[in-house]
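**Q** Those protein sequence lines, which keep their order, are chains B and L.
Counting along the first sequence from 1, when you hit position 84 you're at 84 in this note's numbering, and nothing is skipped either side.
Residues are numbered in this note's numbering as their position in the second sequence, beginning at 1, plus a constant of 350.
Glycine is no exception: its CB is placed at the ideal position from the N, C-alpha and C atoms.
To start, I am sharing the structure in question, which I have written as structure tokens.
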Amino acid sequence: MKGWMGKFKALFLLSSLALFLTGCGKENLTALVPKGYGAKSSMDLIILTTVIMSFVLLAVMIFFVIVLVRFRKKKGQEDYIPKQVEGNQTLETIWTIIPIILVIIMGVPTVIATFDLADASKADEHINVDVTGNQYWWHFDYGEDEFQTSQDLYIPTGEKVYLHLKSSDVIHSFWVPSLSGKLDVNPENENTMFLEAHEEGVYWGKCAELCGPSHSLMDFKVIAVSPDDYEQWAKDMNDFDPEAKPKDTVAQEGQELFEEKSCMGCHAVGSSPVATGPNLTDFGNRTKIAGILEPTKENLVDWIQDPEKIKPGNEMTGKYPSLSDDEADKIAEYLLQLKPTDVAPESASK
Amino acid sequence: MSVAATQKKGFGAMLWDYLTTVDHKKIAHLYLAGGGFFFILGGLEALVIRIQLIKPENDFVSAGLYNEMITMHGTTMIFLAAMPILLGLMNAAMPLQIGARDVAFPFLNSLGFWLFMFGGLLLNCSWFLGGAPDGGWTSYASFALTSPGHGIDFYVLGLQIAGAGTLMGGINFLVTIVNMRAPGMTYMRMPLFSWATFITSVLILFAFPALTVALFLLMFDRMFGSAFFDVALGGNTVIWQHLFWIFGHPEVYILILPLFGLFSDVFATFSKKRLFGYTAMVFATMLIAFLGFMVWAHHMFTVGLGPVANSIFAIATMAIAVPTGIKIFNWLATMWGGSITINSAMLWSLGFIPTFTIGGMTGVMLGSAVADYQYHDTYFVVAHFHYVIVGGTIFGIFAGLHYWWPMMFGRILNETMGKITFWFFLVGFHLTFFIQHFLGLMGMPRRYWVFLEDQGLDLGNLISTIGAFLMAIAVIVFFINIIYTAAKGEKSSPDPWDGRTLEWAVETSPPPFYNFKQLPLIRGLDPLWIEKTEGKGKMTPAEPLGDIHMPNGSILPFIMSIGFFIAGFGFIYHGDHAIWYLALYGGMALALGCMAVRSLKDDHGFHIKKEELEREAD
Ligand code: HEC
Ligand SMILES: [Cu+2]
């Protein structure tokens, strides 16, 4: 008996310790610290169901331990034959009725929340963004405002932003754990959800449906800025002049190379409704390159020279003429200077 | 074929015997061996997965290979390890439990096994032929259509062939239980394991056709240019998800219900008490099976089916907790007031209770649709289904193996090693999977080849990997135990546990191939126990000693399955080169030819003469 309990205890202590050390996860990534409407809604239900079910678990465990302590075969009574009980109506009714009541307690708020989160009737009064999932990047088209971004989605805080999700290839799933639960991005129909961030911040987003070798590298960000900043950002993005020349010559050469080496065929700088590759209008402000790399020039050159090594199976590999390091360097210089606005990820963490 | 001739034989004769056997007990051995083999494969794949995730941005395996690993781990464990081992246990115990001499269709039984085996081998051939399937065990249509190479084709044909075998097994068990119960063995006197086999077979009967259809549609899409799931041509990928889960959800009950039955038998036996609330247990099992068909869309809460569908499926899902709760409490009540012996079989059954309850607890939590928007497709779900499938099915399989090993092989598995296995596995299991609940909520989706640095996921993953190795040690000890027991294990009497049900009422251990010389007369629930406490201590025969009619063995099922196996390659490669049509038509001809032979040639089996049986008794 000692051994039993001892091992359970050790197990319990070890896992609690582990939990304590890891805490609730990384802020603005973890679902355990909700910072948006949807995530809060889910968290409330997570807590409710966990608490109720923990009581059930506790009841089972108490019952279990008593049985194990009291009813082990006793020394000297090896031949003891216990009474053969058929059942007990009252007891069995009790443990049928109580779970039914618990299910009702959990079911009602679930239904209410389900309908609440699915309500898109007021979408026209808010910002609407068309989100396209692609192997392995995200595209955000701000509809009436004629501009697009990729990888980084900017939203104002304190307001519902409606997202219309659709995939250009296979099924993906749009998940920003700290802001909201996930919704699938299907190729055949548009799914609508909303995000409402309660506070400013750069929130991690992830693809949650297996979509190919680089599924685990399909990260993106939601950047929630103050409504004022958002307005400024939208204005700057709208005013962006695609013809503008960079100031220094290296970057200018980079810009020419960008056209020459057919990067332009897939990547728009400035507004473009079709997107076979990420829109690079505000690339200089990106939180990450290709969703995962720190935005340094070195990393960017690495990406341009060999995207396959970084994201296996991506759609850019092999679709453009090879570049010398020098050329890649110039393009990188150009791309990193694409900062049409001062509203950047840093604005969200003031 | 004389009775004595079955005793000592050379290897060749033994091999031939197993290739042609239609005896449910030998087919059980085959299922256990086949399932055990694939269990090791699936386990190795699991270790590769955990090694890859031991630290952030690891590159132990490439992204493509990783996706193949997760796909094959899941597919192998469910279709090629858990299912066959369960079918093996059912074959071993159910006919004995209901007092039958064999299953209703012994030939089909053998065919079912060989189809499973060759389907599994076909699927695993993909490793050597350009890459295994990589779409996850669910193989969602949009990605499965675009996945290059032949991996997914192997998945489709391998599962189609193996699935046909399972379907046959299910039908066979149904007919057996309906028709072949011994005199007096009414439905409400059947042991819970036989009940569970019956209900599971119903689930197989209704669930597997959905998979068959889904696989055919995918096969047409990939190999014959149709467009059921191809959105560009007007297809729809959500249909795959519906078909898959209409099969897939009942499938998880197919995996767990037999063990619910087994645990009921084990708890009763080792507490020396009748099962508490037998009737409620039977109806709870039926209710779980019924509800199991009503909840498939809880795997699809995030697909965008709308709030009405999500609400209905959420409530239905939570409702399953009610019959499951009844079962848990009735098991505890069975032990209450008993005289409990704790050996390996019982340890696994006891370990099941807290483990499975945690799995059930997270199951209800997952049922809350809006909460599921967070859990879905994350490590939380991975943790949940391992708690129920490992904590229920695998714990149950270990319990069943320890419990029935004496009946199957005439020897008792070593207790010390049994306990070592249990404790290593239990600790390893919780170490691996408990933390994964939190990893999921902390933002780690499932099927992630790598997790990035600095996301707070490092420690949890490391702990999880350590746990996986403890489980591996446990499994290794178990296999050593099997070898040790085969060589030096303690010989068992036919009734080593002071059993209550008919499988312990046979004359020898393992039982003679005709099971019962005279069919026993059943006087109530726990028939052997009744005779022990109120009767003569052994079963009363229900018939005078007479000739016993037995089926002949046949090699046809084996050849037929090879035919399908060859045809499988033909289907997969016919698009690459016309020569493969040869394999396609040749394989099908072989299989259909065997069917023709089987249909046209009368085989009436043989009789064991009364005199022979009498002689043997001396
Ligand atoms: C065939 C179309 C195509 C061509 C041509 C192409 N790219 Fe890409 N590019 C993509 C795609 C698709 C991605 C997204 C990859 C991913 O993350 O999976 C991408 C990603 C990028 C990114 C990261 C974007 C971000 O938002 O983080 C950069 C930078 C980039 N490409 C630069 C270039 C340059 C420079 C060239 C020319 C030398 C080029 N691309 C040519 C398709 C293309
Ligand atoms: Cu994706």
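Out of curiosity, what's the CA-to-CA distance linking L:Val740 and B:Thr114?
**A** The sequence position of residue 740 of chain L within the second sequence is 390, counting from 1. The sequence position of residue 114 of chain B within the first sequence is 114, counting from 1. Taking the straight line joining both Cα atoms gives about 31 Å.
**Q** State yes or no: is the C-beta of L:Pro342 within less than 9 Å of the C-beta of L:Pro456?
**A** Outside the displayed span of chain L (351 to 968) sits residue 342 of chain L, for which this structure offers no information.
**Q** Return the residues of the region 650–684 of chain L that lie within a Cβ-Cβ distance of less than 8 Å from chain B, sorted by chain order.
**A** Thr652, Val653, Gly654, Gly656, Pro657, Asn660, Ser661, Ala664, Ile665, Met668, Ala669, Ala671, Val672, Gly675, Ile676, Ile678, Phe679, Asn680, Leu682 and Ala683
**Q** Just to confirm before moving on: does the CB-CB distance between B:Asn28 and B:Gly291 stay below 9 Å?
**A** Counted from its first residue, the first sequence places residue 28 of chain B at position 28. Counted from its first residue, the first sequence places residue 291 of chain B at position 291. Cβ distance not < 9 Å, so B:Asn28 and B:Gly291 don't count as in contact.
**Q** Assuming B:Gly181 contacts L:Val720 under a Cβ cut-off of 8 Å, what Cβ separation, rounded to an integer in Å, is found between them?
**A** On the first sequence, position 181 is the one that residue 181 of chain B refers to. On the second sequence, position 370 is the one that residue 720 of chain L refers to. Separation of the CB atoms of B:Gly181 and L:Val720 is rounded to 7 Å, and the pair is thereby assigned contact status at 8 Å.
**Q** On the criterion of 16 or more Cβ atoms from any shown chain inside 10 Å, does L:Phe904 qualify as buried, or is it exposed?
**A** The sequence position of residue 904 of chain L within the second sequence is 554, counting from 1. It should be pointed out that residue 904 of chain L corresponds to Ser in this sequence rather than to Phe. Looking at its Cβ environment, which holds 16 or more other Cβ atoms inside 10 Å, L:Ser904 is buried.
**Q** Please list the residues of the region 186–206 of chain B that have a C-beta atom closer than 9 Å to any C-beta atom in chain L, keeping them in chain order.
**A** Asn186, Pro187, Glu188, Asn189, Glu190, Asn191, Thr192, Met193, Trp204 and Lys206
**Q** What residues from chain L crowd round B:Met359, counting only those whose CB sits closer than 7 Å?
**A** The requested residue 359 of chain B does not occur in the structure, where chain B is confined to residues 1 to 350.
**Q** Starting from L:Trp686, trace the beta strand (DSSP E) both ways and give me its first and last residue.
**A** Reading the second sequence from its first residue, position 336 is the one you call residue 686 of chain L. Taken as a continuous stretch (DSSP letters only), L:Trp686 belongs to no beta strand (DSSP E), as it is neither H nor E.
**Q** Please state the DSSP three-state secondary structure of L:Pro795.
**A** Your numbering for residue 795 of chain L matches position 445 in the second sequence. Three-state DSSP puts L:Pro795 in a strand.
**Q** Measure from the C-beta of B:His368 to each C-beta in chain L and report whether the shortest distance is under 9 Å.
**A** With chain B running from 1 to 350 in the structure shown, residue 368 of chain B is simply not present.
**Q** Going by beta carbon distance, what residues of the same chain come within less than 8 Å of L:Thr587, once the five residues before and after it are set aside?
**A** What you label residue 587 of chain L is simply residue 237 of the second sequence in a count that begins at 1. Contacts found: Tyr490, Ala491, Ser492, Phe579 and Val581.
**Q** Please find out if some non-hydrogen atom of ligand 2 comes closer than 8 Å to the beta-carbon of L:Gln591.
**A** Taking the second sequence and counting its residues from 1, one reaches residue 591 of chain L at position 241. Checking every heavy atom of ligand 2 against the Cβ of L:Gln591, none is found closer than 8 Å.
**Q** Return the bridge partner residues of B:Pro82 from the DSSP annotation.
**A** Indexing the first sequence from 1 puts residue 82 of chain B at position 82. Answer by DSSP bridge pairing: none, since B:Pro82 is not bridged.
**Q** Answer with yes or no whether the minimum CB distance from L:Thr883 to chain B is below 9 Å.
**A** Locating residue 883 of chain L in the second sequence gives position 533, where the first residue counts as 1. Yes, L:Thr883 lies at the interface with chain B (some Cβ there is under 9 Å from its Cβ).
**Q** Any idea what DSSP makes of L:Ala855, helix, strand or coil?
**A** Translated into the one-based positions of the second sequence, residue 855 of chain L becomes position 505. Looking at L:Ala855 - three-state DSSP - the assignment turns out to be coil, as it is neither helix nor strand.
**Q** B:Trp175 lies in the beta strand (DSSP E); which residues open and close that run?
**A** Looking up residue 175 of chain B in the first sequence gives position 175. Segment His172 to Val176, the beta strand (DSSP E) holding B:Trp175.
**Q** Starting from L:His423 and walking both ways along the alpha helix (DSSP H), at which residues does that stretch end?
**A** Taking the second sequence and counting its residues from 1, one reaches residue 423 of chain L at position 73. Here the alpha helix (DSSP H) through L:His423 covers Ala413 to Thr425.
**Q** Residues in the same chain with beta-carbon distance under 7 Å from L:Ser621, minus the five sequence neighbours each way, listed in chain order, please.
**A** Counted from its first residue, the second sequence places residue 621 of chain L at position 271. These residues qualify, in order along the chain: Thr684, Met685, Gly688, Ser689 and Ile690.
**Q** Rounded to the nearest angstrom, what separates L:His379 and L:Val453 at their Cα positions?
**A** By one-based count along the second sequence, residue 379 of chain L stands at place 29. By one-based count along the second sequence, residue 453 of chain L stands at place 103. Those two C-alpha atoms are separated by around 15 Å.
**Q** Return yes when at least one heavy atom of ligand 2 lies under 8 Å from the C-beta of B:Leu209, else no.
**A** On the first sequence, position 209 is the one that residue 209 of chain B refers to. It should be noted that the sequence gives Glu, not Leu, for residue 209 of chain B. For ligand 2, at least one heavy atom lies less than 8 Å from the Cβ of B:Glu209.
**Q** Any Cβ of chain B within less than 9 Å of the Cβ of L:Trp686?
**A** Counted from its first residue, the second sequence places residue 686 of chain L at position 336. Yes, contact with chain B.
**Q** Decide if L:Phe956 is buried, meaning its Cβ has at least 16 other Cβ atoms within 10 Å, or exposed.
**A** Sequence index remark: in the second sequence, residue 956 of chain L carries index 606 (1-based). By the neighbour-count rule (16 or more Cβ atoms within 10 Å), L:Phe956 is not buried but exposed.
**Q** Look at the alpha carbon of L:Leu495 and the alpha carbon of L:Leu397, and state the distance between them as a whole number of angstroms.
**A** In the second sequence, residue 495 of chain L corresponds to position 145, counting from 1. In the second sequence, residue 397 of chain L corresponds to position 47, counting from 1. Rounded to the nearest angstrom, the two C-alpha atoms are 28 Å apart.
**Q** Buried or exposed for L:Phe558, going by 16 or more other Cβ atoms inside 10 Å?
**A** Locating residue 558 of chain L in the second sequence gives position 208, counting from the first residue. By the 10 Å Cβ count, L:Phe558 comes out buried.
**Q** Could you please give me the residues that DSSP links to B:Glu308 through a beta bridge?
**A** Along the first sequence, one-based indexing puts residue 308 of chain B at 308. Paired residue(s): none; B:Glu308 is not in a bridge.
**Q** Spell out the partners DSSP gives B:Phe194 in its beta bridges.
**A** Sequence index remark: in the first sequence, residue 194 of chain B carries index 194 (1-based). In DSSP, B:Phe194 forms a bridge with B:Tyr162.
**Q** Can you tell me whether B:Ile289 sits near ligand 1, meaning its C-beta is under 8 Å from at least one heavy atom of the ligand?
**A** Sequence index remark: in the first sequence, residue 289 of chain B carries index 289 (1-based). The answer is yes for B:Ile289.
**Q** Taking C-beta pairs closer than 7 Å, name the residues in chain B that L:Ala450 reaches, listed in chain order.
**A** Taking the second sequence and counting its residues from 1, one reaches residue 450 of chain L at position 100. Chain B residues near L:Ala450: none, gap ~26 Å exceeds 7 Å.
**Q** I'd like to know if L:Met427 contacts chain B, where contact means its C-beta is closer than 9 Å to some C-beta of that chain.
**A** Translated into the one-based positions of the second sequence, residue 427 of chain L becomes position 77. No, because no Cβ of chain B sits closer than 9 Å to the Cβ of L:Met427.
**Q** Three or more beta-carbon pairs under 8 Å between the region 102–112 of chain B and the region 668–680 of chain L, yes or no?
**A** yes
**Q** Taking Cβ to Cβ, would you say L:Gly470 is nearer than 9 Å to L:Gly384?
**A** On the second sequence, residue 470 of chain L is found 120 positions in, with the first residue counted as 1. On the second sequence, residue 384 of chain L is found 34 positions in, with the first residue counted as 1. Yes. Within cutoff.
**Q** Kindly indicate the opening and closing residues of the alpha helix (DSSP H) around B:Ala224.
**A** Here residue 224 of chain B is taken as the residue at index 224 of the first sequence, counted from 1. Element bounds for B:Ala224: not the alpha helix (DSSP H) but the beta strand (DSSP E), Phe220 to Val225.
**Q** So for B:His267, helix, strand or coil by DSSP?
**A** Along the first sequence, read from residue 1 onward, the residue named residue 267 of chain B stands at position 267. The answer is coil: DSSP assigns B:His267 none of H, G, I, E or B.
**Q** I'd like to know whether the C-beta of L:Trp847 is nearer than 9 Å to at least one C-beta of chain B.
**A** Mapped onto the second sequence, residue 847 of chain L falls at position 497. Cβ-Cβ to chain B under 9 Å: no for L:Trp847.
**Q** Distance cutoff 9 Å, beta carbons only. Does B:Asp219 sit that close to anything in chain L?
**A** Position 219 of the first sequence holds residue 219 of chain B. Residue contact with chain L for B:Asp219: present (Cβ-Cβ distance below 9 Å to some residue of chain L).
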